[in-house]
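Structure record follows, encoded as structure tokens.
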Amino acid sequence: MKEHRVIHGDDLRGKNVLVRVDFNVPLEDGTPQNVRRIKNAVATIQFLKEAEARIILASHLGKTAPSNSDQSLKILLEEASREYNSKVVLMDDYLGENSRRAVDGIPADEIILLENLRFHPEEEACDAEFAKKLANLADFYINEAFSASHRRHASIYAVPKFLPHALGFSFRKELQAIDDFFLGAPSPKMCIIGGAKLSTKVQLLKKLVTKVDRLALGGGIAGAFLAFFGNKNLKIFDPQEYERDVVDVIKNAKENGCELIMPIDFSALIQDSDSFKHAIISSEDNRASVFDIGPGSVELFKKNIAESRTLLWNGPVGLFERAPFNFGTASIAKEVARLTREGRLVSIIGGGDTGAAMGKFGVAEDMTLVSTAGGAFLAHIEGRRLPGIEAMEDALQLG
């Protein structure tokens, strides 16, 4: 990762600093369910507090919606105040002529949270005038929202054009971990790629087989490959639909010495008359609906993980939200956590469902890195240029 000129806390003393965070957390009955993204900014917030800077947080929640919707960020004030050990206050009107004066008048020991950016359609439209009004609130900008940086939105892409800027500590840590995996991490390197849809990860697979020593496939993605080899256990794909992509991945893996690891058994529901029963199957069964890899596959995956030095994992290997189909993902997660705790493995976990699974099984804190990003994580691994990184090419470095 490119090194940048360092900006120290003293340089920000008394300055207004706009921090783009990602508080787009899942809600259930109006209650936040996963606050890892709020915790993600703790180091940057602490740095700014010690610098005696005035902190202004900006985030979205949900899709673009009217300001009278139930997507107000006020629901997160209590959690943010607890995590940052400071009173976090909501600012509804931050676009008017007197907005900067209002920000300057808030006590320096309080943190300002701007109301949901997506109450303004100009945010997703990357409107320059909207970005200028946001920038007018501050003297400096920090992007601490890697998970939103694949979006060309005003607060991500346009605001840095109007203010000196830097990446937050967590953002830089995530980028460094991903870049190190491909450039400097010890071998053997292994990837586990799961999830339901091959279409979203075709380009990722094509790149990974040129970079890693082992690639294990789970979930519906494994089904596309097994169907190509003649096993119809996972009837999620028409094999012909992805035949060219599957052939390309297999060919590239062979040419680059990457071992493909496929499930050898499955956890399924078997339809018997009008009822269903759970079973472990290892061969084709027209009555089977597969929802997880089986115990034999788990042991195969664990054996290869134990023989690796570095692991990147994106996508659960089964329906981890529902027992007994959480067995595969949970078992592998606990093994990865154990090896990481023992210092035998560097583990980089992709965000989205994979990160949620690590939290569900209580192992998130044991991993080397659990990314908060889903789409941005995949895009960066694939080598796509993220707008949030493109806008920060001339960024300073916090230090």
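Residue numbers (numbering that gives the first Met the number 0): 0 to 398.
Idealized CB from N, CA, C, for every residue including glycine.
- The alpha carbon of residue 307 has as its nearest neighbour, out of 211, 394, 187, 27, the alpha carbon of 187.
- Restricting attention to alpha helix (DSSP H) runs no shorter than 4 residues, the segment 223-294 encloses them at 242-254, ordered along the chain.
- Listed in chain order, the beta strand (DSSP E) elements of length 3 or more contained wholly in the segment 181-208 are 188-192.
- In this structure the segment 110-121 does not lie against the segment 27-40, because fewer than three pairs of beta carbons, one per stretch, are closer than 8 Å.
- In the three-state reduction of the DSSP assignment, residue 96 falls in the coil class.
- Assignment of residue 379 by DSSP, reduced to helix, strand and coil, places it in the helix class.
- For residue 382, the closest alpha carbon among the candidates 338, 203, 289 is that of 203.
- Here residue 53 is buried, its C-beta having at least 16 other C-beta atoms within 10 Å.
- By the Cβ rule, the segment 385-392 does not count as touching the segment 57-69, because fewer than three pairs are nearer than 8 Å.
- Under the 8 Å Cβ criterion, the segment 262-279 does not count as touching the segment 146-155, having fewer than three qualifying pairs.
- Counting along the chain, residue 46 sits inside the alpha helix (DSSP H) bounded by residues 41-49.
- The beta carbon of residue 351 sits closer than 7 Å to the beta carbons of 373 from its chain, once the five residues preceding and following it are set aside; these are given in chain order.
- In this structure, DSSP gives residue 299 a helical state, which the three-state scheme calls helix.
- In the structure shown, residue 5 falls within a strand segment according to DSSP collapsed to helix, strand and coil.
- In this structure, the CA atom of residue 213 is about 40 Å from the CA atom of residue 45.
- In this structure, the straight-line span from the alpha carbon of residue 310 to that of residue 91 is close to 43 Å.
- Fewer than three Cβ pairs drawn from the segment 283-300 and the segment 155-164 lie within less than 8 Å of each other, which leaves the two stretches out of contact.
- Contact check for residue 153 against residue 126 passes: the beta carbons are separated by less than 7 Å.
- When beta bridges are read from the DSSP output, residue 386 appears opposite no residue.
- Taking one beta carbon from each stretch, the segment 133-142 and the segment 8-22 have 3 or more pairs nearer than 8 Å; the two touch.
- Of the residues 301, 365, 257, the one whose Cα lies closest to the Cα of residue 341 is 365.
- Listed as beta-bridge partners of residue 348 by DSSP are 312, 369.
- Closest option to residue 331, judged by alpha-carbon separation, among 315, 321, 345: 315.
- Around the beta-carbon of residue 324, 16 or more other beta-carbon atoms lie within 10 Å, marking it buried.
- In the assembly as shown, residue 7 is an exposed residue. Its beta-carbon has fewer than 16 other beta-carbons within 10 Å.
- No Cβ-Cβ contact shorter than 7 Å links residue 218 with residue 252.
- Within the same chain, Cβ atoms closer than 6 Å to the Cβ of residue 190 are found at 207, 211, 214, 311, the five residues on either side in sequence being excluded.
- Collapsing the DSSP output to three states places residue 159 in a helix.
- Note on geometry: alpha-carbon atoms of residue 276 and residue 59 lie some 43 Å from one another.
- Distance from the CA of residue 319 to the CA of residue 327, rounded to the nearest whole angstrom, comes to 8 Å.
- Cβ contact annotation for residue 394 (same chain, cutoff 6 Å, sequence separation greater than five): 3, 164, 165, 166, in chain order.
- When 380, 375, 177, 224 are compared, the shortest CA-CA separation from residue 367 is found for 177.
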